[in-house]
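Below is one structure; the comments refer to it alone.
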Amino acid sequence: MPHPSAATAVPGQAPAAPRAGLGAALRRRAPVLPVVVLIATLGLPGADGHGPALPGLGAGAPGGAGGTVADAVSALVVLYAAVRAVRLARRPLTRTAAVVLGLPVAGFAVAALGAADPATGLAGFARYLQVFVLVPTAVLLLVRDRAQLRLLAWALVSLALWEGGLGVAQYATGTGASYMGSGIRAVGTFGAGDIMGMATVVAYGLVCAVGLALAPGDAGTAHGTAALRTAAHGPVRADRWRRAVALGCAVVLVVPLAVSFSRGAWIATAVACGAQLALTGLRRAVAAGAALAAALVVLVAGIGVGGSMLEQRLSSITHVTDAPDQSVVDRYTMWSAALGMWRERPVTGVGLKGFPANRDSRASLALSSGSDTEGAGAAFRRQPLLSPHNMYLLVLSEQGLLGLVPLAGGWAALLVCGIRRAARARRAAVPGHSPTPGRPSVPVHPPAAGHTPAPVPAEDPAPARSGRGLDCALLACGLLVWQLVDFVYADIGGPSTALTAVVLGVAAWWALGTATADGTAATETPGARPMGRDGGGATKGGATKGGGETTRDAAPTRGGAGAGDGARPVRGAGKRAAAVDGAVGGSPAGR
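Residue numbers (our numbering): 1156 to 1746.
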């Protein structure tokens, strides 16, 4: 006799999933909690915000004197990911991921050996290894499913709201960094010494919020039975609320991004959001673009966010060639100097952190002696120009083609693979369409008489709905596009660089991780081999066709045997076999 508290299944209706407690939710998301802590440390005051810097790596611009708390936490995240991979006896990366993430190490090593100062070269090597290899790989290993990726996205949005709120307060009270003689430039906790820090964080959060808001609702993508749609009514309403909250966060974050006065962040954000709109389709792109334009009109014109200085800053974007200001002149001059270094040493460059020592001999007299910073709690200081403010030219000048080709090629590979998966996720979001071209979708039939539908897992209350991975695609691709565009106007340096590494890891997870076409993630068993090219194995009868690896939602049909040798059933799958056959009509092998 069943326990009185046990839920009684209603024929023709999927039973509600048991409510998971806080402890269970934390256990499911435990692998990415160290990354969340890393993101949270960016909200702490930096060196200019009366917080001590850590000695060692050099976290600022090239040649910086010390690391930050975020650098120390990122090292712990890398260590945790390595220990976890060893403990689970899991092959950590696919061959494609290993090549894309590991190939740039050769260029870093050669450039470090060619540095004029061995100690400086070693510090630069550690920095590049941290930002472009170790931390992205750790994020790729720790994120196991879409729920964990969304957790990271909401962590970025929360950090952006925190920093953006401080920035708006600085703008309103005149306590920000100095801009044209007034302390109105929003810098958040990063201080006047890192004026791009808050703009970068806010832009990351805005792009994540737009990606979470643009994903189609599950109500439009559910194509199962009426009973299954009724059972999923609660999650659908929750998804609608989450999208509404994400849209509100995106609109709010426009304000601190505007008062950061960062032209590079503005351009990168516009391009990234435009790419996200394009990935959602023309109809949704037009509707979202109109809503965003209306919100901008209300924010800028209606409540007076934009002033004369903001209008002047916006207009200066279109006058960078005929009437450039001194900052633009300095940037063009340093770009020219970087190209001069590359022409002299096209293969290996001048060595890591060699740009400052070789700058003056190749720059024109138009270059100023430094950048003046003041405000936000810091005294007046002239910062030396230690980099060309262009990541591509920085790598080209210091590492040559040997460093730029594998690094930029890896970014291009992430972008291409990410967009391909986003296209599949978008097709999967359309009812009746298969995620993989050429393969028909599996219809969900009404339950047969005498059979009970399979219980819905707690992590994903509606597995029959196939569009739930598109939000992950939009935010991952949007973040990568933002970063690649911003690298035209900026380079690594400052505490926010640790966040750049996390963003690259998010993009790598979507492009190279074990996600299937519609965004679901496979759960690897200890000692299992990586799955197929796209991270998903074709299953038949609940097991892979010869890989010996199973997915979380896979279950054998009647008979329990898969199509390949060495296939292993999922734990508890036998108890659900009849229910699965009744819900989906069984498989040919089971019949």
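No residue lacks a Cβ here, since even glycine has one placed at the ideal position from N, Cα and C. None of these values were measured; they are calculated from a predicted model.
Pick out whichever of the options has its Cα sitting closest to the Cα of residue i.
i, options, result
"Gly1338", "Gly1668, Ala1533, Gly1565 and Gln1638", "Ala1533"
"Ala1332", "Val1414, Leu1289 and Arg1392", "Val1414"
"Leu1369", "Leu1432, Ala1281 and Ile1647", "Leu1432"
"Gly1649", "Leu1551, Thr1355 and Thr1503", "Thr1355"
"Phe1510", "Leu1541, Asp1480 and Thr1503", "Leu1541"
"Leu1361", "Val1312, Gly1348 and Gly1352", "Val1312"
"Val1342", "Phe1416, Ala1364 and Leu1306", "Phe1416"
"Val1238", "Leu1268, Val1550, Val1288 and Ala1293", "Ala1293"
"Ala1401", "Leu1630, Pro1411 and Glu1499", "Leu1630"
"Arg1575", "Leu1667, Ala1518 and Leu1321", "Leu1667"
"Gly1269", "Leu1304, Ala1446, Lys1508 and Arg1468", "Lys1508"
"Pro1539", "Ala1227, Tyr1283, Asp1515 and Arg1182", "Asp1515"
"Ala1568", "Leu1635, Ser1229, Ser1526 and Arg1246", "Leu1635"
"Val1192", "Pro1200, Ser1229 and Leu1181", "Ser1229"
"Leu1520", "Ser1526, Phe1535, Val1484 and Arg1537", "Val1484"
"Gly1322", "Ala1347, Arg1301 and Leu1306", "Ala1347"
"Ala1393", "Leu1408, Val1410 and Leu1367", "Leu1367"
"Thr1344", "Ala1425, Ala1195 and Ala1448", "Ala1195"
"Met1546", "Arg1536, Leu1243 and Val1560", "Val1560"
"Ala1281", "Leu1296, Ala1261, Cys1428 and Val1298", "Ala1261"
"Ala1512", "Ala1420, Tyr1235, Val1298 and Thr1275", "Thr1275"
"Trp1497", "Ala1425, Ala1445, Gln1325 and Leu1556", "Leu1556"
"Thr1435", "Thr1330, Ala1225, Ser1523 and Gly1624", "Gly1624"
Hey, could you find the ends of the alpha helix (DSSP H) residue i is sitting in?
i, result
"Thr1249", "Thr1249 -> no alpha helix (DSSP H), and no H or E assigned at all."
"Gly1262", "Pro1259 to Leu1268"
"Val1502", "Neither: Val1502 is in no alpha helix (DSSP H) and is coded neither H nor E."
"Ala1185", "Per DSSP, Ala1185 belongs to no alpha helix (DSSP H) and is neither H nor E."
"Pro1785", "In this structure the chain extends from 1156 to 1746, so residue 1785 is not present and cannot be described."
"Ala1230", "Val1224 to Arg1242"
"Gly1419", "Arg1418 to Thr1435"
"Pro1291", "Val1290 to Leu1297"
"Asp1646", "Premise fails: Asp1646 is in no alpha helix (DSSP H) and is neither H nor E."
"Val1657", "Thr1652 to Leu1667"
"Val1640", "Leu1625 to Asp1641"
Since residue i contacts residue j with CB under 8 Å, what's their CB separation in whole angstroms?
i, j, result
"Gly1660", "Pro1291", "4 Å"
"Gln1638", "Val1658", "6 Å"
"Ala1663", "Ala1252", "7 Å"
"Gly1633", "Ala1430", "6 Å"
"Ala1198", "Leu1314", "According to the sequence shown, residue 1198 is Gly rather than Ala. Confirmed, about 6 Å."
"Val1550", "Leu1562", "6 Å"
"Ala1628", "Ala1577", "4 Å"
"Gly1504", "Gly1558", "7 Å"
"Gln1506", "Glu1553", "According to the sequence as given, residue 1506 is Gly; it is not Gln. Contact flag correct, Cβ pair sits at about 6 Å."
"Ala1423", "Val1640", "4 Å"
"Val1232", "Pro1259", "Contact doesn't hold; Cβ gap of about 20 Å is too wide."
Practice task
Enumerate, from N- to C-terminal direction, the unbroken beta strand (DSSP E) stretches of 3 or more residues contained entirely within the stretch 1307–1376.
Solution key: Every beta strand (DSSP E) stretch that sits fully inside the stretch 1307–1376 and reaches 3 residues is listed by chain position as 1332–1334 and 1337–1340.
Exercise for the section: Scan the stretch 1513–1559 and note each continuous beta strand (DSSP E) run of 3 residues or more that stays entirely inside, going in chain order. Expected result: List check, beta strand (DSSP E) in window: 1526–1530 and 1533–1538.
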